[in-house]
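Read the sequence shown against the numbering used here and you will find it ends at 290, with the numbers running on by one and no gaps. For every residue, glycine included, the Cβ atom is placed at its ideal position computed from N, Cα and C. Following: one structure in structure tokens, then a few remarks.
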Amino acid sequence: MNPFTHPYFLALPGGPELLLILVLVLLFFGGRKIPDLMRGLGRGVKEFNDARGKNKNDKEVSDNPKKEVLSDNTQNNS
């Protein structure tokens with residue numbers, strides 16, 4: 213039996229369902245608490261990506277070679 217044709221198949225929430233979820237979250241937590249919740253969620257995602265080793269900053273650093281520092285002898289060859 214194909215699960216997508218089953219009458220009890222639960223689809224992903226669409227526009228009206230997402231709006232209802234947003235209203236319920238605002239009522240439950242209040243407008244002042246939402247930024248703190250999102251900040252905590254962002255930190256959690258960053259920690260998860262760091263643990264997996266997929267931090268964007270690591271890739272950028274590895275792609276950029278370090279500049280060599282010239283000694284005083286090579287700069288003053290006049």
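In the displayed model, R251 falls within a helix according to three-state DSSP. When secondary structure is reduced to three states using DSSP, L234 falls in the helix class. Cβ atoms of L249 and F241 come within 8 Å of each other, at about 6 Å.
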